[in-house]
Structure formats: C-alpha cells, structure tokens
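**Student:** Quick one: the structure is below, and I'll ask about it shortly.
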Amino acid sequence: MLDALGARPACPRTGSTSGLLEKAFSCLRAGDGKQAEELFASAVLVTAAAPNVDAIYGMGVFLEVSHRHTEMLQWMDLAIELDPRHLAAWEARSRCQEHHGRLAEALAGYRHLSRLDGRLTRRRDGLLDHQQVYIIPMDVWSENVAEDLTVSARPLQTEWQENFQKPEPSAAPAALKGGVAAWDQVLNEELLRQLDACVDDHFHYIFTHRRVFWADEDFPGSAANMWLPSERAPRSAPEVAALGILQHVLQEDAAEFSGVEYWARVRSFNLGAAFHYDTAVDAKDVHGDWIHGNPWRPQWSCVLYLTDGGPTLVLDQVHCDAGYVDPVLPAAGHLCMARRNRLLIFRADLFHGSLPEKIWLDTDMSRKVFIFNFWRRHVPESPSCQPPKLARHVAMQRHRLKAEDVATSQAQLAEHFAASPLTAPRAVQPQLLATKEDFPHSSDLDYLPVPLPMPSMSRLCAERGFYRLDWLKAAAGSKCGVGASPVQVDPSPLQMTFRQPLVVIRRDQAVEVDMSPSFDPDSPEDHRGCWGASTGQRFQRPEAQKPAEPWDTATIRIAMSEKKGQKG
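Number 457 in UniProt numbering belongs to position 457 of the sequence shown; there are no gaps in the numbering.
Now the structure itself:
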C-alpha cells in the first residue's frame, strides 16, 4: 500500500520479495525500464505459489509508470482480489477507467474508495463536478430569462490584469484586441504528428511522475502542470509548439514573459470540464489580502485541439472586487468547437470551461488537447507547476528532443506560417449568435443562478464553428419581438447564492437525448432522458441548489470470480 496514496510503497512481507522489489523500484526511479520490469516479474514469480499483494501491486505500478494501462488494470484487479481494501490499487484502477471513458465504473470505484477512507474524495468530487456541466434540450425563454439578463448582465469593460489587486498598465497585441480568437491548421503536420504521439504520455505524467521522483531530495511534491521558463530552450514537441504560438500567432517576444505553463488533457468525449479560472494554484500569498479567492492570472490561455470534440466556452465574466464571478450573468461569450489542429486563444482572466457532445454516456472516444498559459511577470509556484523531468521517466524518455531536432521543428513551423494562404494558419471569423432562435436550449453551467439560453449541441456538432454569443442582444430582441407581451421587470439583480431548481439528467436513466432544435419541452416523449423539471415559484431556496448525485445505483463490476475461473 502507498503512504497516503503517495508514491512510496510499504515494505513487502517476505525477505526475498523485499529485496527484489527494492531493486526494481530503484531501477524504475533511475529510468531503467527494462531491468525494472524483469525485477518486478521476478518478484511475482518468487511468490507464485502464494501470491504476494506487494509484488503484484509493484508490477501494476511499473505498468502505470510505463503508461501501459490495459495491462496495469489487470494487475490492479489482482491486487484488489488479494486485498479488497487496497486504497492505491482502487485509485489507480478507477482513474484508468475514467481515462478510457468508462465513467459509470470510474465513479463507482471512486465512491468505493471514499467508503474505505472518508478522506479520499477528491477524484470522486472532481468527476461529479465535470458531469454537472452540459447543455440540456430545454427552452428557457418562457422563464423570464430575458428580464434576468437585462437586469443582471452587463458588457465586460475591465482589461486583463495579472492580479486585479495589483493593477499595472497592459496592452493587448493586435491579434487579440477582442480578447478571444481562433485559428485553423495552426501547426505543420510533422509537429502535429509529434504531439499526437506524446499527448497521452504528457497527460499521464502528471499522475505517475511522483512514483519516479518521490525519493529525490529536491522533489517538491506532485505537479499538476509543467513549466517552461523563458530563459530555457524547448526540449519537447509541446514546448516547441508553445513558443511557436507565442512568436508566430501572438507575435510576442518570449523574453517579455516569465514562461509558459502547460499540460495535456485527455478526456472522454462525453465529459465536460467545470468552469474555472486558470491561476497560480500554490501562490505564496494565499494568506494575504485575497478577495473571494486566488487573484493571479496568466495573460493568455491557449487550447490546442488535437481531436474533434465538445466546445470550450469562454464567458465575459471576471474575478474582481465585486466578486469571484462578475457580472452574475454574462452578457456575452465565445464558444469554440474542438476541431483537429485548431487553436483557441483568450485572455486568461475570463471564466471558462468545456461542454460534452453527449451527456455522460460511456464511450472510448477521447477529446485530446494541449493547454498553454503564458505568464507575463508572475511565476506560478511549485509543486503544482514545475519543469518536467523527462530523462528518468520510462514513458517520457522518448519524447525528449535533441537540440538539433528542436531547431528543425522550429524551422519547419516558421516555414508553415510563411506558406501560401492555402496551407498556412488562418484566422477563424466568429459567427454571431444574437437572436432568440439561436438559443433553443439551455444550461446553468453548474454555477449560474438561472439557466442560460444556449445553442443546440446538434447544430454545434454539425457546424464545428467558432461563435460569439450575445445573450444581451438576444434578450433585447426577445422582449421587443412581434407579438411580445409587456412584462413587469423585477429591478433586483440576481445573486450567486440563489439557484433555480433545474432539470437533472441521471446516469441510470440516460439515453440518446434528442438534442435537436425541434425538442418539445411539453412532450412526454421528449423527456425520456430527463426528470425533475423545475416547478413552483422561482428563487424560493436561498442556498445553492446542486443537482442530485448521478449513478446512485451503480455497482462495482470487478468480476473477480470470472478472473479466478479464467486462471483455472
């Protein structure tokens, strides 16, 4: 078992096994994958007559660090069979299921882990948060949302600040005067191929690097993101791409920035990302004069899409003296559908998240992206953000580039940007959505006090475009349209502490919900995947209303008896 689910294995029970495992982990930490695998296998064979859970789990750890997850899953199952309360094996197994899009089984595993140890709830809560962000096929214009927008939404007028409590003059480059922009065919094919080859490994590195470096005297703790300081040359394909974007797209000098924070994200097509700000997670002034939370922001956030998938939604809401999310309702925003070799860049103080194409249905299709945050002056602190160590990590060694390979990649990328208009990167002009008809569906994005009108996911998937969403303009048109009835507007603005009860789609009832604009909210047939439509007077409950936890009836499907039968 691991120390508090960390990286250091507990001492094995048998002397011979103990010596083999100690040597195996030493080789793993040194980056000698071949020798480590042989020693882990020997430790398992030594105890074949009476299987040793530490040897079996050790082999599972090696396979996890090697990013061989299909094999790893089998060994973690065996460890759980021998020790049903093996916390680290349960955590690794459930995270693997989440990565492969088996969301029901992943959540069931996380919930079981929290039953074994009530402190281990972070992965479960994170998955639940991501599952609460989706578009539902419900029209909310009849719910007086136009009046709510008129009163509580206002255009964003503040400029980007690295820390709004310490304002400094700043100027946006010409390419991003509007704060948000997108480009297609942004990278050359060779660099794109290299990113395809390393995106899964970079994603898993965040979870596995602690297994390798925990014994290092200078190991600060587990990282969440990677860091490329401005004074260091790139050493990998993601770092080449990041500096190329800064130079050729943003047309900025890397020396004017403190560095690039970056990470990979590989997630199920049918799983969103809870809305958030990108920030310096471990900022040292956490006990200082923060207002409503962490105020540190990079200047630019970039999402580089390696696959198609659900959209990124960037809202005209910021953290300021008035509150953590201001204004309460966004007047506008940008929505960018994931499309291979598309780049989205936005000012990094804007509230943002992503939405799934479908809701919660298990799938083996993944949405793969690299995310780059360009920090102007502040350096995000460790351990959350730290330079990656590729040379000693058995799954990452092959992604470390030599200096001449870096120079070749940079030259090829420069040629790509200088190519003919047919093959060079091209800016994507945002399509304006600003009428009631553009927003037939809705979402509360798991934090808004009322549901926000949204375009239908079927349209978004068909067009795979880049959009400017103007809710305030749509609300004005809705109120003054032909045949519109005069309404009494409540002049009191909404508060974030009020949440309207919403339709909740439960996993144990989920089916292919009709996502088309023709969805009829009054038709029982069109509610076949939904339950719990909101009723009664609005804003009756002053507390935040959270949708019910999904998958209440999910069970752990390990099938150990079948495994025993297969072994016999």
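Ideal placement from N, C-alpha and C gives every residue a C-beta, glycine not left out.
Remember, predicted model here, so these are calculated numbers, not experimental data.
Excluding the 5 residues preceding and the 5 following Phe213 in the sequence, name in chain order all residues of the same chain whose CB lies nearer than 7 Å to its CB.
**Tutor:** Listed in chain order, the non-local C-beta contacts of Phe213 below 7 Å within the same chain comprise Phe219 and Lys389, local neighbours out to five positions each way being set aside.
**Student:** Specify whether the stretch 181 to 197 and the stretch 221 to 232 touch according to this definition: at least 3 beta carbon pairs, one from each stretch, less than 8 Å apart.
**Tutor:** no
**Student:** Can you list, in chain order, the residues of its chain with a C-beta nearer than 7 Å to that of Leu39? Leave out the 5 residues immediately preceding and following it.
**Tutor:** Leu20, Lys23, Ala24 and Cys27
**Student:** Mind checking Gln397: buried by the 16 CB within 10 Å criterion, or exposed?
**Tutor:** exposed
**Student:** Specify whether the stretch 270 to 289 and the stretch 244 to 253 touch according to this definition: at least 3 beta carbon pairs, one from each stretch, less than 8 Å apart.
**Tutor:** no
**Student:** Mind reading off the beta-carbon distance from Trp296 to His352? Whole number of angstroms is fine, and I expect it under 8 Å.
**Tutor:** Incorrect: roughly 16 Å between the Cβ atoms, too far for contact.
**Student:** Buried or exposed for Thr17, going by 16 or more other Cβ atoms inside 10 Å?
**Tutor:** Residue environment: Thr17 is assigned as buried (16 or more neighbouring CB atoms within 10 Å of its CB, all protein chains considered).
**Student:** Applying the criterion that 16 or more other CB atoms from any shown protein chain within 10 Å of the CB defines a buried residue, is Ser409 buried or exposed?
**Tutor:** buried
**Student:** Could you spell out the range, first to last residue, of the beta strand (DSSP E) harbouring Tyr305?
**Tutor:** For Tyr305, the enclosing beta strand (DSSP E) covers residues Trp300 to Tyr305.
**Student:** Using the three-state DSSP reduction, which class does Arg507 fall into: helix, strand or coil?
**Tutor:** Low confidence applies to Arg507: its pLDDT is 36, below 50, so where it sits in the model is not reliable enough to give any reading.
**Student:** Run through DSSP, which three-state label would Ser18 get?
**Tutor:** helix
**Student:** Excluding the 5 residues flanking Phe374 on each side, which residues of the same chain have their C-beta closer than 7 Å to its C-beta?
**Tutor:** Leu246, Phe257, Val260, Pro298, Gln299 and Trp300
**Student:** So, using beta-carbon positions, are Pro455 and Asp438 closer together than 8 Å?
**Tutor:** yes
**Student:** Where does Arg392 fall in DSSP's three states?
**Tutor:** Coil, per DSSP.
**Student:** Tell me whether Asp438 sits in a helix, a strand or coil according to DSSP, three-state version.
**Tutor:** helix
**Student:** Pull up the distance between the alpha-carbon of Pro425 and that of His204, whole angstroms please.
**Tutor:** 30 Å
**Student:** Within 10 angstroms of the Cβ of Gln386, are there 16 or more other Cβ atoms? Answer buried if so, exposed if not.
**Tutor:** buried
**Student:** Are the CB atoms of Gly60 and Ala89 within a distance shorter than 8 Å?
**Tutor:** Closer than 8 Å, so yes.
**Student:** By how many angstroms is the C-alpha of Ala41 removed from the C-alpha of Phe466?
**Tutor:** 51 Å
**Student:** For residue 569, which of Gln194, Val281, Arg115 and Ala283 has the nearest alpha-carbon?
**Tutor:** No information on residue 569 is available, as it lies outside the stretch 1 to 568 that the chain covers here.
**Student:** Hey, His209 and Ala197: beta-carbon distance below 8 Å or not?
**Tutor:** no
**Student:** Need the endpoints of the beta strand (DSSP E) that Gln431 sits in, please.
**Tutor:** Gln431 to Leu433
**Student:** To the nearest angstrom, report how far apart Leu63 and Leu176 are at their CA atoms.
**Tutor:** Separation of Leu63 and Leu176 (C-alpha to C-alpha, rounded to the nearest whole angstrom) is 44 Å.
**Student:** Expressed to the nearest angstrom, what Euclidean distance is found between the alpha-carbon atoms of Ser518 and Pro137?
**Tutor:** Note on Ser518: pLDDT 43, under 50, position unreliable in the model; the coordinate value appears next. Straight-line Cα distance between these residues: approximately 9 Å.
**Student:** What residue range is occupied by the uninterrupted beta strand (DSSP E) comprising Arg468?
**Tutor:** Phe466 to Asp470
**Student:** Quick one: is Ala45 buried, meaning 16 or more other Cβ sit within 10 Å of its Cβ, or exposed?
**Tutor:** Contrary to the premise, residue 45 reads as Leu rather than Ala in this sequence. That one is exposed.
**Student:** What residue from Asp148, Asn341, Ala264 and Pro311 has the CA that sits closest to His416's CA?
**Tutor:** Asn341
**Student:** Considering just the uninterrupted stretch of the alpha helix (DSSP H) at Thr408, what are its terminal residues?
**Tutor:** Ala403 to Phe417
**Student:** Run through the DSSP bridge pairs and tell me what Met454 is partnered with.
**Tutor:** His441
**Student:** By how many angstroms is the C-alpha of Pro383 removed from the C-alpha of Ala274?
**Tutor:** 23 Å
**Student:** Distance, Cα to Cα, Pro547 vs Leu127?
**Tutor:** Note on Pro547: pLDDT 35, under 50, position unreliable in the model; the coordinate value appears next. The alpha-carbon atoms of Pro547 and Leu127 are separated by roughly 14 Å.
**Student:** Let's test the definition: count the other Cβ atoms within 10 Å of the Cβ of Thr423 and tell me whether it reaches 16, buried, or not, exposed.
**Tutor:** exposed
**Student:** Quick one: residues in its chain with C-beta nearer than 8 Å to the C-beta of Trp263, no 5 flanking neighbours on either side, listed in chain order?
**Tutor:** His202, Phe203, Ile206, Ala224, Asn225, Met226, Phe370 and Ile371
**Student:** Go through its chain and collect everything with a Cβ distance to Ala242's Cβ below 7 Å, but skip five positions before and after it.
**Tutor:** Leu228, Val260, Tyr262 and Phe372
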